[in-house]
Each structure stands twice: as structure tokens, then as C-alpha cells.
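Enquirer:
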Amino acid sequence: MLNDGRAKKKHIMTIAVASGKGGVGKTNVVANLAIAMKKMGKNVLILDADLGLSNIDVLLQLAPEYNIQNVISGEMPLKDIIVTGPHGILILPATSGVQELTVLDEFQRLRLLEEFESFDEDIDVLLIDTAAGISDNVAFFCIAAQEIIIVTSPEPTAMTDAYALIKVLYTRYQEKAFSVLVNSVKSASEAKEVFKRLSTAADKFLNISLNYVGFIPFDEAVRMSVRNQRAFIDAYPNSNATKKIMDLAVTILSRTEPVVKGTIQFFFSNLLSTSSSEG
191 MLNDGRAKKK HIMTIAVASG KGGVGKTNVV ANLAIAMKKM GKNVLILDAD LGLSNIDVLL
251 QLAPEYNIQN VISGEMPLKD IIVTGPHGIL ILPATSGVQE LTVLDEFQRL RLLEEFESFD
311 EDIDVLLIDT AAGISDNVAF FCIAAQEIII VTSPEPTAMT DAYALIKVLY TRYQEKAFSV
371 LVNSVKSASE AKEVFKRLST AADKFLNISL NYVGFIPFDE AVRMSVRNQR AFIDAYPNSN
431 ATKKIMDLAV TILSRTEPVV KGTIQFFFSN LLSTSSSEG
């Protein structure tokens, strides 16, 4: 057996959370899911990948001095712009109002990947909060992740756009595995009906099966927490929404190690691991 003095790399769970349209509560899901996982003993890093329109820091009332623009431009290393959020979750903040970051070129993507490669924090889960829609940036981060969770809602436009995103990722990038979370529903039966419609269309027209991971109910606690710039899991720990986000965290963390899908995703899945020489 080889012993080259290097520590074995740990497995990092990488999850892209995406939506076909804005306004379905995707970022709120990411923030609260991160805290739920942290409560379960996992070290979590959120990558705010809506690069031209930061949301996570606003939602959690953070005021980062630097952001991902400083990394992509080569001004600062990744570790120097990371901010700490509630319960010790780590956040890589995006920037607002910088149009050119909404479409990264190949050099900028390489720069970002290189920075991740040198990042040595002890991370168990990387949550990637993508921009809404079907841009090249969204596709890049989705294919880099081991798992893609599509957040949708009962609104017909949300379902239509969620299907459009799945279709693009399947037809252009050969992605075949998608999990679906239904947000802001009145009941479990409504959530399952939304998933059924989406799943039926994907099966019929794309010949792929979707995975249902649960739902977050419409809850006044969610609206109030957003207004107060707090995670609902903290502001309203006994709410129905909190119970469901905890269920989602359990569902995700209880899975066996996912299969690596391709080169970029293999890179992402390993680059955050802590690797050091033995003294």
C-alpha cells in the first residue's frame, strides 16, 4: 500500500440549488438549509453564485467588505473574502450591479476554480445558490455540482420555467438527475401534485425521472423572517417551515455518497477537501 505522506481527501457534498424563475424562495431555502445542516454537525459553505445580484448577505443582514468580484479579478484570495453567518456557516458573497459578472468567461471560471483548489477550510457541504433562469453561469455551477435541486412553486409560470431549466440542462449538458423541492404550498397534497405535473412532463418529453425531496409550506413565519432579515429556522424554530427544512436536511445528509458525473464536477468535489502533509 502506498504511503506518500499525504492525508486522504475527505468527501465534500456539493449541491446546486436552482430555479427556473426568480421569486420562488430559492435563496431563503439555501440559507435555512445551511443552518439546518450546521445544526446537524456539518460544516457548510454557501457560494452565492448569483454573481451580479447578491442575495444571501442581504437575507441574513450581513455586510461583507469584499465579494467574489475581488477574487475573480485576482485582487484577493478566496479565504480573505469569506464571511461568517449565523451558527458559523461560511458564505462566499456575490456582488450587486456588476453586469459583466453575470456571464463569466473561461478565464474567470478557471480563476475561480483555482481559488477553490487552494481553499483549505474544513467543509462538509458546499451549497451553490445559483442565479434564477437558464444562463451559462447557472449551467456551469449546476454541472459542477454532484446534486441539483430545482426549487419551484405552485405558480404555473414557476413550473413552466422549472421544466425549461431541466430541459436545457438535459439537452445541452446531458444532466439526467434532478431533485425537486416545492416551496410555498398549502399542503402536502398540493406539493405532490406540482411534482407530479413536472415529473410527468420530464418523463414524457425528456425520458428522465425526477426525484421528489419534499416541500416547504406557505408560512407567515417565512415572510416575517425575510422582512426582519433573519433565517426562519432561527426566528421561528417551531414553525412548520422550520420542521420541513430540517426534514430536507436529514433527507439530503442521509444519502450515500453520490456518483461523480464528470471532469468539472470531479474537480469541485475534491478541491475543497483538507489535504496536508504529515509532520
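Just add 190 to wherever you are in the sequence shown, counting from 1, and you've got my numbering. From the three backbone atoms N, C-alpha and C, an ideal C-beta is built for every residue, glycine too.
1. Near aspartate 314, what residues of its chain come up, given a Cβ to Cβ distance below 6 Å and the 5 sequence neighbours on each side ignored?
2. List the DSSP bridge partners of glycine 215.
3. Excluding the 5 residues preceding and the 5 following alanine 352 in the sequence, name in chain order all residues of the same chain whose CB lies nearer than 7 Å to its CB.
4. Does DSSP put aspartate 295 in a helix, a strand or coil?
5. Please classify asparagine 373 as buried or exposed, where buried requires at least 16 other C-beta atoms within 10 Å of its C-beta.
6. Tell me whether leucine 268 is buried or exposed, calling it buried when 16 or more other Cβ atoms sit within 10 Å of its Cβ.
7. Compute the beta-carbon to beta-carbon distance between glycine 275 and leucine 252, rounded to the nearest angstrom, for a pair I have assumed lies under 8 Å.
8. With a CB to CB cut of under 6 Å and the five nearest residues on each side skipped, what residues in its chain are close to leucine 461?
9. For the beta strand (DSSP E) holding threonine 325, just list the boundary residues, first then last.
10. State buried or exposed for threonine 347, treating a residue as buried only when at least 16 other CB atoms are found within 10 Å of its CB.
11. Enumerate in chain order the residues of its own chain whose CB-to-CB distance from glutamine 419 is below 8 Å, with the five nearest sequence positions on each side excluded.
12. Within its chain, find whatever has a CB closer than 7 Å to the CB of alanine 473; leave out the 5 residues flanking it on each side and keep chain order.
13. Let me make sure I understand the geometry here. Which of Ile271, Leu241 and Val403 has the alpha-carbon closest to that of glutamate 311?
14. Excluding the five sequence neighbours on either side, which residues of its own chain have a C-beta within less than 7 Å of the C-beta of asparagine 193, listed in chain order?
15. If the criterion is Cβ atoms closer than 8 Å, does the pair threonine 350 and cysteine 332 meet it?
Expert: Reading from the atomic positions:
1. If you number the sequence shown from 1, residue 314 lands on position 124. Cβ within range, chain order: Lys232 and Asn233.
2. Translated into positions along the sequence shown, residue 215 becomes position 25. Per DSSP, none; premise fails for glycine 215.
3. Residue 352 sits at position 162 when you count from the first residue of the sequence shown. Result list for alanine 352: Ser209, Gly210, Ile340, Thr342 and Leu388, in chain order.
4. If you number the sequence shown from 1, residue 295 lands on position 105. Aspartate 295: coil per DSSP, three-state reduction.
5. Here residue 373 corresponds to residue number 183 of the sequence shown, with the count starting at 1. So asparagine 373 ends up on the buried side.
6. Sequence index remark: in the sequence shown, residue 268 carries index 78 (1-based). Leucine 268 is buried by the Cβ-count criterion.
7. As a first step, residue 275 is located in the sequence shown; it is residue number 85 there, counting from the start. As a first step, residue 252 is located in the sequence shown; it is residue number 62 there, counting from the start. About 6 Å separates the two Cβ atoms, so the contact holds.
8. Along the sequence shown, one-based indexing puts residue 461 at 271. Low confidence applies to leucine 461: its pLDDT is 44, below 50, so where it sits in the model is not reliable enough to give any reading.
9. Start at 1 with the first residue of the sequence shown, and residue 325 comes out as number 135. The displayed chain sequence assigns serine, not threonine, to residue 325. Careful: serine 325 lies outside any beta strand (DSSP E) and carries neither H nor E.
10. Here residue 347 refers to the residue found at position 157 of the sequence shown. Exposed, because fewer than 16 other Cβ atoms sit within 10 Å of the Cβ of threonine 347.
11. Reading the sequence shown from its first residue, position 229 is the one you call residue 419. Answer for glutamine 419: Val248, Leu249, Leu250 and Gln251, listed in chain order.
12. Because the chain in this structure spans residues 191 to 469, residue 473 falls outside the shown range and cannot be described.
13. The residue you call residue 311 lines up with position 121 of the sequence shown. For glutamate 311, the nearest C-alpha among the options comes from Ile271.
14. Counted from its first residue, the sequence shown places residue 193 at position 3. The predicted position of asparagine 193 is uncertain, since its pLDDT is 41 and thus under 50; no value can be drawn from it.
15. Walking along the sequence shown from the start, residue 350 turns up at place 160. Walking along the sequence shown from the start, residue 332 turns up at place 142. Taking 8 Å as the Cβ cut-off, threonine 350 and cysteine 332 do not qualify as a contacting pair.
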